[in-house]
Every structure is written in structure tokens, then in C-alpha cells.
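Each residue of the first sequence is one higher than the one before, counting from 1 in the UniProt record's numbering.
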Amino acid sequence: MRYWLLKSEPDVFAYSDLERAGTEPWNGVRNYQARNLLREMAVGDLCLFYHSNAAPPGLAGVARVTGAAVPDDLQFDPASPYYDPRSDPAAPRWSMVQVAPVAALPRLVSLTELRGLPAWQDSPLTRKGSRLSVFEVTPEQFAGALAAAELDLPDARPAD
DNA sequence: GCCAACGTTGGC
DNA sequence: GCCAACGTTGGC
């Protein structure tokens, strides 16, 4: 199993919105590096749900990948802000995965706090200037974030 | 292929 | 609201 981090602006779509929705297509990603990572995700992978552009920014919850990458339908919708007229329907440019909530963190783990965790010293999140909205996190980073929030997630641990 | 201009991201 | 950093666009 692999671990990932997904950024979302809570004013637009917060972790609580994911809980309300039950399942959600992770669409609208329009960055090639992030898209390539979406395509690497497998059903069952776990994601840290990060609130960006928030006060304070930080990790709010854990989500699970429930559907592997498929073409992002919004790229073909002229009414969508994510419409991409240059995407060829025969070879769609943009992908999305499906995610579902697993657990809200008992408390938000702020970016400031993450910067203080040893496992998080090297990450796109703590690297200055990085704007990547989807990236892989190490098992140590994942476990460290959950420990900081005092969330025990039995099914997040690798099977013995 | 270069690179300046532009729009966006996201912390503060 | 500010602004640094980044990715993309488009002229040449």
C-alpha cells in the first residue's frame, strides 16, 4: 500500500465535505506532475487530506482511494472552469481518482507542527515554494502525522 | 528553443 | 492583502 497527500482549500472542499459526500471524484487537477501521480494511485491507498489556504493550514483527515484513475470528465465540459478545449477525447489529458473518507483527525495537525516532525523534514509540503497538490508521502510521514493527531487507525497499518 | 510576461498557488 | 515561487503561454 502507498500513501499520498491531497491538498484542498477548505473554503472550496473541506474534509467535512468529503464526509458529507461519502465519496468524491478528485477532479480538476490540471498539473502534469500531479496527474501522473494520480495515475499511480491504487484502490486501497490512503491519503492525508490537507487544508491549504486555511488558517492554519494543516492535515484534517484521512481518505482512501476507492477508484483508480479514469478520465476527468470536467475536461470535456465547456461550462466547467476545468474545461480543457485542447484535450483530445480519444486520448484524454487529465485524470481523476475516486476517494472516500476514512477518519477525521481528532485535531488538525498544522503545517507548523509538521515542520517540527523529523519524518517531514523532506517533503513537497515543507519545501519552500512547492505548489504540488498531489504527492506521495512515506509510511513514516503518514504514521508520524497520525501519531501527532493521536489517531489510531488499525487498518492503516501494514498487515502482519 | 529561449525567455519574458502572465496567472495561480498558498503561506503569512 | 501582500508577495515569493512556480508553471504555462506565446512571441520570436
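Backbone N, C-alpha and C define an ideal beta-carbon position, used for all residues, glycine too.
Predicted model, so just to flag it, every value in this text is computed and none were measured.
Consult DSSP for A34 and reduce its assignment to one of helix, strand or coil. The count along the first sequence starts at 1 and reaches residue 34 at position 34. Looking at A34 - three-state DSSP - the assignment turns out to be helix.
Whole angstroms is fine: what's the gap from G61's alpha carbon to P92's? Sequence index remark: in the first sequence, residue 61 carries index 61 (1-based). Sequence index remark: in the first sequence, residue 92 carries index 92 (1-based). For G61 and P92, the distance between alpha carbons rounds to 30 Å.
Please confirm whether V65 and V43 have their CB atoms less than 8 Å apart. Counting from 1 along the first sequence, the entry for residue 65 is found at position 65. Counting from 1 along the first sequence, the entry for residue 43 is found at position 43. Yes, they are a contact pair.
Tell me which residue opens and which closes the beta strand (DSSP E) that R106 is part of. Your numbering for residue 106 matches position 106 in the first sequence. Checking the sequence shown, residue 106 turns out to be Pro, not Arg. Here the beta strand (DSSP E) through P106 covers S95 to S110.
Length of the line joining the Cα atoms of E136 and Q33: Counting from 1 along the first sequence, the entry for residue 136 is found at position 136. Counting from 1 along the first sequence, the entry for residue 33 is found at position 33. One C-alpha to the other measures close to 12 Å.
State the Cα-Cα distance for the pair L114 and A145, rounded to the nearest angstrom. Locating residue 114 in the first sequence gives position 114, where the first residue counts as 1. Locating residue 145 in the first sequence gives position 145, where the first residue counts as 1. Their backbone Cα atoms lie some 7 Å apart in a straight line.
Beta-ladder partner(s) of Y3, from DSSP: Looking up residue 3 in the first sequence gives position 3. DSSP, once it has assigned bridges, lists L46 and V137 as partnering Y3.
My assumption, with CB atoms under 8 Å, is that F49 sits in contact with Y15. Please give the rounded CB distance. Position 49 of the first sequence holds residue 49. Position 15 of the first sequence holds residue 15. Yes, F49 and Y15 are in contact; Cβ-Cβ is about 5 Å, under 8 Å.
Which of the three DSSP states, helix, strand or coil, is assigned to S80? For this step, residue 80 is matched to residue 80 along the first sequence. Three-state DSSP puts S80 in coil, outside helix and strand.
Rounded to whole angstroms, what is the Cα-Cα separation between N53 and A90? The sequence position of residue 53 within the first sequence is 53, counting from 1. The sequence position of residue 90 within the first sequence is 90, counting from 1. Each residue's Cα considered, the two are about 35 Å apart.
Straight-line CA distance for W26 to L125? In the first sequence, residue 26 corresponds to position 26, counting from 1. In the first sequence, residue 125 corresponds to position 125, counting from 1. Near 19 Å, if we compare the C-alpha coordinates of L125 and W26.
Could you spell out the range, first to last residue, of the alpha helix (DSSP H) harbouring R20? Translated into the one-based positions of the first sequence, residue 20 becomes position 20. Note, R20: alpha helix (DSSP H), Y15 to A21.
Residue(s) in a DSSP beta bridge with R64: In the first sequence, the residue the question calls residue 64 occupies position 64. Partner(s): L46 and A100.
With F24 as the anchor, note down where its beta strand (DSSP E) starts and where it stops. Sequence index remark: in the first sequence, residue 24 carries index 24 (1-based). Just to set this straight, residue 24 is Glu in the shown sequence, not Phe. E24 to W26 is the extent of the beta strand (DSSP E) around E24.
N31: which of D72, D77 and A149 sits nearest, CA to CA? Along the first sequence, one-based indexing puts residue 31 at 31. Nearest of D72, D77 and A149 to N31, Cα basis: D72.
Just verifying my parser: in three-state terms, what is the DSSP assignment at D88? Position 88 of the first sequence holds residue 88. Strand at D88.
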